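Novice:
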Amino acid sequence: MAKIRGAVTVNTVRCKGCNLCVVACPCDVLALQSKEVNDRGYHYAYMAQPDKCIGCQSCALVCPDACIEVYRKVEQ
Amino acid sequence: MENNDIIKVENQVYKKPSLLKEVHMHYCPGCSHGVVHKLVAEVIEELGLAEKAIGVSPVGCAVFAYNYIDIDWLEAAHGRATAMATAVKRLMPDKLVFTYQGDGDFAAIGTCESIHSCNRGESIAIIFINNAIYGMTGGQMAPTTLLGQKTATCPYGRRADLNGYPLSITPLLAQLDGTRYVTRQSVHTAANVRKTKAAIKKAFLNSMEGKGTSVVEVVSTCNTGWKLSPEKANQWMVENMFEKYPLGDLKDNDAKKD
Numbered sequence: 001m002a003k004i005r006g007a008v009t010v011n012t013v014r015c016k017g018c019n020l021c022v023v024a025c026p027c028d029v030l031a032l033q034s035k036e037v038n039d040r041g042y043h044y045a046y047m048a049q050p051d052k053c054i055g056c057q058s059c060a061l062v063c064p065d066a067c068i069e070v071y072r073k074v075e076q
Numbered sequence: 077m078e079n080n081d082i083i084k085v086e087n088q089v090y091k092k093p094s095l096l097k098e099v100h101m102h103y104c105p106g107c108s109h110g111v112v113h114k115l116v117a118e119v120i121e122e123l124g125l126a127e128k129a130i131g132v133s134p135v136g137c138a139v140f141a142y143n144y145i146d147i148d149w150l151e152a153a154h155g156r157a158t159a160m161a162t163a164v165k166r167l168m169p170d171k172l173v174f175t176y177q178g179d180g181d182f183a184a185i186g187t188c189e190s191i192h193s194c195n196r197g198e199s200i201a202i203i204f205i206n207n208a209i210y211g212m213t214g215g216q217m218a219p220t221t222l223l224g225q226k227t228a229t230c231p232y233g234r235r236a237d238l239n240g241y242p243l244s245i246t247p248l249l250a251q252l253d254g255t256r257y258v259t260r261q262s263v264h265t266a267a268n269v270r271k272t273k274a275a276i277k278k279a280f281l282n283s284m285e286g287k288g289t290s291v292v293e294v295v296s297t298c299n300t301g302w303k304l305s306p307e308k309a310n311q312w313m314v315e316n317m318f319e320k321y322p323l324g325d326l327k328d329n330d331a332k333k334d
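Listed in order, the protein sequences are those of chains X and V. Heads up: the first sequence at position 19 corresponds to 19 in the numbering used here, and the numbers run straight through without jumps. Position in the second sequence (first residue = 1) + 76 = the numbering used here.
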């Protein structure tokens, strides 16, 4: 059966670590960096469990700083 | 399949709208303004109106909207955005004219201009961000502040006997004959973001077609002013704000005819 696989890229310079994408993700893919920070000192978001991503765009829609770009591919 | 196999241009399903500039937005982390800015940029881009759009930015947190969305902007005196938009639309009826105002601008100092431009039925779109607080100046009580809500100027909570009742201005505007489309939305979940985008698109199309005033109220959070985390602010909004400011279309003249 074809499976939909997704992936997101986070613009770590723009990200302000507001955590809204982490909450919005239905598959617990995203998390905030626990130690790493960007230029402005924010703990930016990253894909903690990339295998689980389904490319649903929920994180990108709620992101206030438009940091997230979403990619989706059907796995044969 | 590795991530690098998925992250390719042909698989891209969502990207930052190109009208949203690369500059860093000054908004606090988790602010609803960012989401609505993104939606405005997306809608203008999808409608192909970048050359025809003229926005009027308010006084308040959104005062720098002209730095973030790459279209023509004007900056109005406090509360007078709808008056300025009236002039722009009358002089250039073929343009998309919209205002982007907060509750301090639209429902406090600008109440007179807001009500009268809606009553005149000016073909402008009004995006009204209601976060129940004066966010930019440090979280003081606004007319839209809920009863019992604590702010910098009512630290024990808003009291009806002292401070009056919260002002829900959108239902007032829905009563006016000049308004074409009045709706109240929010942007705290992906589903609500999509609904708000549809509402903004409809409001912009109404402005282009000269159909009358459209008001899109977006019930928003001000997590800094409310002294909550962005996530908790969303929860607080769902639990408290939606009771006084329920979501949904308050008026849609186009729907009646169908």
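Beta carbons: idealized from backbone N, C-alpha and C, even for Gly. Just so you know, these numbers come straight off a predicted model, no measurement behind them.
Between X/Cys15, X/Ile54, X/His43, which lies nearest to glutamate 75 of chain X when the distance is taken from Cα to Cα?
Specialist: Of X/Cys15, X/Ile54, X/His43, the residue nearest in Cα terms is X/Ile54.
Novice: For the stretch 253–267 of chain V, enumerate the residues whose C-beta is nearer than 8 Å to any C-beta of chain X, in chain order.
Specialist: Of all residues in the stretch 253–267 of chain V, Val263, His264, Thr265, Ala266 have a Cβ within less than 8 Å of some Cβ in chain X.
Novice: What span of residues does the beta strand (DSSP E) with methionine 317 of chain V cover, start to end?
Specialist: Careful: methionine 317 of chain V lies outside any beta strand (DSSP E) and carries neither H nor E.
Novice: Going by DSSP, what residue range makes up the beta strand (DSSP E) through glutamine 88 of chain V?
Specialist: Here the beta strand (DSSP E) through glutamine 88 of chain V covers 88–90.
Novice: Helix, strand or coil for alanine 7 of chain X per DSSP?
Specialist: Residue state, collapsed to three classes: strand.
Novice: Can you tell me whether DSSP reads asparagine 206 of chain V as helix, strand or coil?
Specialist: Looking at asparagine 206 of chain V - three-state DSSP - the assignment turns out to be strand.
Novice: Compare the C-beta of lysine 16 of chain X with all C-beta atoms of chain A and state if any pair is closer than 8 Å.
Specialist: Of the protein chains in this structure, namely X and V, none is chain A.
Novice: Exposed or buried, what is cysteine 21 of chain X when buried is set at 16 or more other beta-carbons lying within 10 Å of its beta-carbon?
Specialist: Buried, by the Cβ-count rule.
Novice: So phenylalanine 140 of chain V is in the alpha helix (DSSP H); what residue range does that whole segment cover?
Specialist: Where phenylalanine 140 of chain V is concerned, there is no enclosing alpha helix (DSSP H), given that its DSSP letter is neither H nor E.
Novice: Along chain X, in chain order, which residues have C-beta atoms closer than 8 Å to that of methionine 212 of chain V?
Specialist: By Cβ distance, chain X contributes nothing, its closest Cβ being about 16 Å from methionine 212 of chain V, past 8 Å.
Novice: Tell me the residue span of the beta strand (DSSP E) that contains isoleucine 130 of chain V.
Specialist: 129–133 is the extent of the beta strand (DSSP E) around isoleucine 130 of chain V.
Novice: Check for me: the beta strand (DSSP E) holding serine 290 of chain V runs from which residue to which?
Specialist: Residues 289–295.
Novice: Which residues of chain V have a Cβ atom closer than 8 Å to the Cβ of glutamine 57 of chain X, listed in chain order?
Specialist: Near glutamine 57 of chain X (Cβ distances below 8 Å), the residues of chain V are Val89, Tyr90, Ala266.
Novice: Just reading off the beta strand (DSSP E) that glycine 324 of chain V is part of, what are its end residues?
Specialist: Segment 324–328, the beta strand (DSSP E) holding glycine 324 of chain V.
Novice: Can you find the residues in the same chain that come closer than 7 Å, C-beta to C-beta, to valine 119 of chain V, ignoring five residues on each side of it along the sequence?
Specialist: These residues qualify, in order along the chain: Lys273, Ile276, Lys277, Phe280.
Novice: Beta carbon of threonine 175 of chain V, beta carbon of isoleucine 200 of chain V: below 8 Å?
Specialist: Yes. Within cutoff.
Novice: Here's a check: name, in chain order, each residue in its chain whose Cβ is nearer than 7 Å to the Cβ of cysteine 18 of chain X, leaving out the five neighbours to either side.
Specialist: Closer than 7 Å at Cβ, skipping near neighbours: Pro64.
Novice: Relative to the C-alpha of lysine 165 of chain V, which residue among V/Leu304, V/Asn79, V/Met217, V/Lys287 is closest?
Specialist: Ranking the options by Cα distance to lysine 165 of chain V, first place goes to V/Lys287.
Novice: Using only the alpha-carbon positions, how far apart do glutamate 64 of chain V and valine 29 of chain X sit?
Specialist: Residue 64 of chain V falls outside the range modelled here, since chain V spans only 77 to 334, and no answer is possible.
Novice: Ignoring anything shorter than 4 residues, give me the alpha helix (DSSP H) runs that lie fully in the stretch 142–203 of chain V, in order along the chain.
Specialist: DSSP runs (the alpha helix (DSSP H)) wholly in the stretch 142–203 of chain V: 157–167, 187–196.
Novice: Can you check whether the CB of leucine 95 of chain V is closer than 8 Å to the CB of alanine 117 of chain V?
Specialist: The answer is yes: Cβ separation under 8 Å.
Novice: Helix, strand or coil for lysine 68 of chain X per DSSP?
Specialist: In the sequence under discussion, the amino acid at residue 68 of chain X is isoleucine, which differs from the lysine named in the question. Of the three classes helix, strand and coil, the one that applies to isoleucine 68 of chain X here is strand, per DSSP.
Novice: Suppose the cutoff is 6 Å on Cβ atoms and the five residues either side in sequence are ignored; what does the same chain contact list for aspartate 179 of chain V look like?
Specialist: For aspartate 179 of chain V, where only same-chain residues beyond five positions count, the Cβ hits under 6 Å are Asn206, Ala218, Thr220.
Novice: Between which two residues does the alpha helix (DSSP H) harbouring arginine 260 of chain V extend?
Specialist: Looking at the DSSP string, arginine 260 of chain V is not in any alpha helix (DSSP H); the run it does join, the beta strand (DSSP E), is 255–262.
Novice: Under 7 Å Cβ to Cβ from tyrosine 42 of chain X, same chain only, skipping five residues before and after it: list those, please.
Specialist: Cβ within range, chain order: Cys15, Lys16, Gly17.
Novice: Look at threonine 255 of chain V and lysine 171 of chain V and say whether their C-beta atoms are less than 8 Å apart.
Specialist: In this structure, lysine 171 of chain V does not lie closer than 8 Å to threonine 255 of chain V by Cβ.
Novice: Going by DSSP, name the residue or residues bridged to alanine 45 of chain X.
Specialist: X/Leu32.
Novice: Would you say threonine 12 of chain X reaches chain V, if we count a Cβ-Cβ gap shorter than 8 Å as a contact?
Specialist: So, not an interface residue.
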